[in-house]
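Peer 1: Mind looking over this structure? Questions follow.
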Amino acid sequence: MKNKTIGNDFIILLARLLFSSAYIFSGFDNLIYFKAAVQEVAVSGMHWHASALTAASALLEIGCGLMIVVGFFADLAALLIGFFTAFAAFSIHHFWSYPLAQQHIHLVLFFLDLSLVGASLYVYQASVGKYAIGKGRFSLAACLAKY
0 MKNKTIGNDF IILLARLLFS SAYIFSGFDN LIYFKAAVQE VAVSGMHWHA SALTAASALL
60 EIGCGLMIVV GFFADLAALL IGFFTAFAAF SIHHFWSYPL AQQHIHLVLF FLDLSLVGAS
120 LYVYQASVGK YAIGKGRFSL AACLAKY
């Protein structure tokens with residue numbers, strides 16, 4: 000039975016790593032290709048402070064992604080990234096408002112975002128496992144339980 004627990008903890012770590020990799024990559028990609036990312040945000044209809052929104056979203060993606068990987072406040076990071084992804088789904092990939100030629104790709108990206116919101120809820124609810132900085136001690140639920 001002990002080997003199964005070690006295997007489960009490794010799978011939980013691998014799942015956190017795979018889930019977070021998309022966000023970490025996207026965050027660095029938005030910083031590297033900052034002008035293009037700002038333009039994408041502006042084209043989607045959020046002209047107000049597109050540069051600040053792009054920078055904030057990149058930092059959120061990288062920061063929360065790394066927190067989930069290492070298991071430090073992973074539940075809080077998962078909630079933040081879930082809300083961010085839901086916001087992105089409806090504000091960037093609003094497929095219903097794009098021209099017909101662009102609707103399909105935004106429809107796919109919209110539902111991809113929704114699936115990531117579901118995954119973030121799962122990360123929020125699930126244990127971080129053995130391989131984490133927090134190991135339950137630094138989780139949001141544990142901190143709130145003290146008060």
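Numbering follows numbering that gives the first Met the number 0, in which position 68 of the sequence shown is assigned residue number 67; successive positions increment by one, without gaps.
Ideal Cβ positions, reconstructed from N, Cα and C, are used throughout, including at glycine.
Quick caveat, the model's predicted, so the values are computed rather than measured.
May I have the straight-line CA-CA distance separating residue 21 from residue 52, to the nearest angstrom?
Peer 2: The sequence position of residue 21 within the sequence shown is 22, counting from 1. The sequence position of residue 52 within the sequence shown is 53, counting from 1. Taking the straight line joining both Cα atoms gives about 19 Å.
Peer 1: Skipping 5 residues on each side, what residues in its chain have a beta carbon closer than 6 Å to that of residue 131?
Peer 2: Counting from one through the sequence shown, the residue named residue 131 turns up at place 132. By the criterion of a C-beta distance shorter than 6 Å, residue 131 is surrounded in its chain by 70, once the five residues flanking it on both sides are discounted.
Peer 1: Do the CB positions of residue 61 and residue 77 come within less than 8 Å of each other?
Peer 2: As a first step, residue 61 is located in the sequence shown; it is residue number 62 there, counting from the start. As a first step, residue 77 is located in the sequence shown; it is residue number 78 there, counting from the start. No. Outside cutoff.
Peer 1: Give me, in chain order, the residues of the same chain whose beta-carbon lies closer than 7 Å to that of residue 45; leave out the 5 immediate sequence neighbours on both sides.
Peer 2: Indexing the sequence shown from 1 puts residue 45 at position 46. Cβ-Cβ distances below 7 Å link residue 45 to 52, 90 in the same chain, with the five nearest sequence neighbours on each side left out; the list follows chain order.
Peer 1: Distance check for residue 120 and residue 84, CA to CA, integer angstroms please.
Peer 2: Sequence index remark: in the sequence shown, residue 84 carries index 85 (1-based). Sequence index remark: in the sequence shown, residue 120 carries index 121 (1-based). Distance between the alpha carbons of residue 84 and residue 120: 11 Å.
Peer 1: Output yes or no for whether 8 Å exceeds the beta carbon distance between residue 26 and residue 81.
Peer 2: Position 27 of the sequence shown, counted from the start, is the residue given in the question as residue 26. Position 82 of the sequence shown, counted from the start, is the residue given in the question as residue 81. No; because the gap between Cβ atoms is not below 8 Å, this pair is not in contact.
Peer 1: For residue 49, name the three-state secondary structure that DSSP assigns.
Peer 2: Working through the sequence shown from its first residue, we reach residue 49 at position 50. It is helical.
Peer 1: Can you tell me whether residue 10 is buried or exposed, with buried defined as 16 or more other CB within 10 angstroms of its CB?
Peer 2: For the purposes of this step, residue 10 is identified with residue 11 of the sequence shown, where counting begins at 1. With fewer than 16 other Cβ atoms within 10 Å, it is exposed.
Peer 1: Determine the closest residue to residue 147 out of 88, 99, 40, with distance taken between C-alpha atoms.
Peer 2: The structure shown does not extend to residue 147, since the chain is modelled only from 0 to 146, so the question has no answer here.
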